[in-house]
Amino acid sequence: MSDARILFGFHAILSRLRQHSASVQEILIDRDRVDARMKDLLKMAEGLGVRTMEVERSRLDGMAGMNGRHQGVIARVVDTPIPYKDIHDILESDLTEPPFFLILDGVEDPHNLGACLRVADAMGVHAVIAPKDRAVGLNATVRKVASGAAETVPFIAVTNLARTIRELKDAGVFVVGTTMDAPTNLLNTKLDGPIAIVLGAEGDGIRRLTAENCDALVTIPMFGSVESLNVSVASGICLYEARRQRSLIN
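In our numbering, the protein residues as written are 1 to 250.
If you want it as structure tokens, here you go:
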């Protein structure tokens, strides 16, 4: 199983069982956890012919690492074929609405990326795009926080984000970046066509070159005393506004 990696947490493992059960090699469970949630997971695994193994919790702790909240269950899985390898695969597919992308410029916190993927799934985003360097990838923590969204939303890591943005623009996608000092308000921006919304890293925001390649820069209106938002919260606000506008024309 040298080519296998791990998933941990009920949401991530149940989603993988539903979506790609053949990719689950085995599931290791805490032998002392016998509640209804665990019984339901074991029943699903048995019905799908996936092997399960009872182990000591200490073994799961070691596999998940210091920050891995495994909830008493870890799965060994192999990667499934990625349906979309790049943005052109998305743009050339049979979409039922204008393309809808979320671009994350240098998000390094796996919890934030997982939460962004979850929001992207909820709002019907066609793909999340991020740079390969100086950004977190799809690790086990991201997949757990995403609660299954990492298995349903295409995640495309690119070597040159500025070039990718230019390619999106050439394909007719309107690219909107978010900054705190932008002259335009999110709520006054047209977001109902082919759209890509760009959000930046925690604290730093989007990089200068990224901002320069956007078609427009907008700010999220703030009505309270706080000055900034977590990137996953900001993505939820931006994506919801885009989805609201898109729904009005359908």
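Where a beta carbon is used, it is the ideal one built from N, C-alpha and C, also for glycine.
- Among the bridge pairs identified by DSSP, D105 is matched with G200.
- Per DSSP, T52 is one residue of the beta strand (DSSP E) stretching across 51-55.
- About 15 Å separates the beta carbon of M123 from that of L248, a gap too long to meet the 8 Å contact definition.
- Taking C-beta atoms under 8 Å as the contact rule, R118 and A140 fail to qualify, at a distance of about 15 Å.
- By alpha-carbon distance to E108, the top candidate from A120, L138, P98 is L138.
- Q19 sits exposed, since fewer than 16 C-beta atoms from the chains shown fall within 10 Å of its C-beta.
- In the structure shown, A146 falls within a helical segment according to DSSP collapsed to helix, strand and coil.
- With respect to the C-alpha of A75, the residue from D32, R59, F8 having the closest C-alpha is F8.
- With respect to I103, V198 sits close: the two C-beta atoms are nearer than 8 Å.
- In terms of Cβ geometry, C214 and V175 form a close pair [threshold 8 Å].
- By a beta-carbon distance limit of 8 Å, A135 does not contact V128. Their separation comes to about 11 Å.
- One alpha carbon belongs to A242, the other to R69, and they sit about 33 Å apart.
- Closest option to A130, judged by alpha-carbon separation, among R16, I206, D32, M38: I206.
- One thing to note: L191 has its Cβ within 8 Å of the Cβ of Q245.
- Each of G200, G65, N160 was checked against the Cα of G106, and the nearest Cα belongs to G200.
- With a beta-carbon spacing of about 6 Å, I6 and M63 fall inside the 8 Å limit used to define contacts.
- The shortest CA-to-CA distance from V218 to any of A196, V233, G193, A182 is the one to A182.
- Note on S232: 16 or more other CB atoms within 10 angstroms of its CB, so buried under the neighbour-count rule.
- DSSP, reduced to helix, strand and coil, places L209 within a helical segment of the structure shown.
- The C-alpha of R16 is placed about 14 Å away from the C-alpha of G47.
- In the three-state scheme derived from DSSP, where H, G and I count as helix and E and B as strand, L28 is classed as strand.
- Cβ contact annotation for P99 (same chain, cutoff 7 Å, sequence separation greater than five): I90, L91, H126, V173, P194, in chain order.
- Straight through space, the alpha carbons of S93 and R166 are spaced by roughly 19 Å.
- Sequence-distant partners of A211 (beyond 5 residues in either direction) whose C-beta falls short of 7 Å from its own C-beta, in its chain, are G177, T179, L217.
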